[in-house]
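Reading through the structure tokens given below for one structure.
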Amino acid sequence: MRIRARERLDSLLDAGGRYEIGQETLPVDTLKFKDSKKYPDRLKAAMEATGETDALIVLGGTIMSLPVVVACFEFEFMGGSMGSVVGERFVRGAQNALEQMVPFICITATGGARMQEGLLSLMQMAKTTSMLTKLSEKKLPFISVLTDPTMGGVSASFAFMGDVVIAEPKALIGFAGPRVIENTVREKLPEGFQRAEFLVTKGAVDMIVDRRKMREEIARLLALLQNQAADVIA
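Residue numbers (the working numbering): 1178 to 1411.
This is how it looks when you write it as structure tokens:
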């Protein structure tokens, strides 16, 4: 069952000391894109349906007293698609983690790149991954949490770059969907192909964690990666 981004953030972060990053960054219809609807009309409908201004929410705070910056995708906003605002907020979140010298966590729930922004959307793949190299240079942990679904340009860019890659049970994870692949290669795919349980056996995912245990598990990992004591361990 999918849950909203802010619900997920509430279940992960401590209640106090939170601050939002990049919320002033808003989408622009640079290409004047129109399919069956104009892009601004799709944005307006998504904003009204979700109460959000784009598909990524970034918060600074703590998890069991350990300081972090967490980015979380809102799938209900245009399928959690990554456009220029999502890319910019991701980068600002990582930059804030770099300035504070704290770990960065991203929770994905996305269909991939936002087609209404064309190459501007695809450019975010390089933009986000290059930012993560700066975290790596400073030896700051990046934990990637893959939820259902994590597909397309996000899975092909930063989703698998985590020092630890966690998946929720039965999450669909991949680039193209299984039906697209089957129609292309004209072969039947293995049972459970692109599900978290299949990927963990192939080493693409490090562990599968139930969301009810996610807070404690991430705190444990952060404490180990930073040689610190979290409330759950101490």
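Don't be surprised by glycine CBs; every beta carbon is placed ideally from N, CA and C.
Beta-carbon gap between residue i and residue j smaller than 8 Å
{"i": "Met-1308", "j": "Ala-1248", "result": "no"}
{"i": "Leu-1413", "j": "Ile-1240", "result": "With the chain running from 1178 to 1411 in the structure shown, residue 1413 is simply not present."}
{"i": "Pro-1346", "j": "Phe-1370", "result": "no"}
{"i": "Phe-1252", "j": "Arg-1185", "result": "no"}
{"i": "Ala-1396", "j": "Ala-1373", "result": "no"}
{"i": "Ile-1234", "j": "Arg-1183", "result": "yes"}
{"i": "Val-1322", "j": "Cys-1283", "result": "yes"}
Close-in-space but distant-in-sequence residues of the same chain around residue i (CB under 6 Å, 5 per side omitted)
{"i": "Leu-1399", "result": "Leu-1243, Pro-1280"}
{"i": "Ala-1223", "result": "Phe-1254, Met-1255"}
{"i": "Leu-1220", "result": "Pro-1204"}
{"i": "Leu-1401", "result": "none"}
{"i": "Arg-1195", "result": "Leu-1236, Gly-1238"}
{"i": "Met-1278", "result": "none"}
Residues near residue i in its chain [Cβ-Cβ closer than 7 Å; skip 5 each side]
{"i": "Phe-1352", "result": "Met-1328, Gly-1329, Ser-1332, Ala-1333"}
{"i": "Lys-1304", "result": "Gly-1264, Val-1268"}
{"i": "Leu-1312", "result": "Ala-1271, Ala-1274, Leu-1275, Phe-1281, Phe-1319"}
{"i": "Val-1262", "result": "Thr-1202, Leu-1203, Pro-1204, Asp-1231"}
{"i": "Thr-1227", "result": "Glu-1251, Glu-1253, Phe-1254"}
{"i": "Pro-1217", "result": "Asp-1206"}
{"i": "Ala-1411", "result": "Any reading at Ala-1411 must be qualified, since the residue scores a pLDDT of 47, below 50, and its modelled position is unreliable; the value itself is stated next. Excluding residues within five positions, none has a Cβ falling inside 7 Å."}
Limits of the unbroken beta strand (DSSP E) element including residue i
{"i": "Ala-1344", "result": "1341-1344"}
{"i": "Ile-1240", "result": "1233-1240"}
Run of the alpha helix (DSSP H) containing residue i, from where it starts to where it stops
{"i": "Ala-1217", "result": "The sequence shown places Pro at residue 1217, rather than the Ala named in the question. Per DSSP, Pro-1217 belongs to the alpha helix (DSSP H) from 1216-1227."}
Exercise. Taking the runs of the beta strand (DSSP E) that are 3 residues or longer, which of them lie wholly in the stretch 1250-1332?
Worked result: 1281-1287, 1319-1327
For this session: State whether the stretch 1341-1349 contacts the stretch 1372-1384, with contact taken as three or more CB pairs (one from each stretch) at a distance under 8 Å.
Result: yes
Problem set entry | Contact the stretch 1306-1323 vs the stretch 1356-1370: 3+ CB pairs below 8 Å | no
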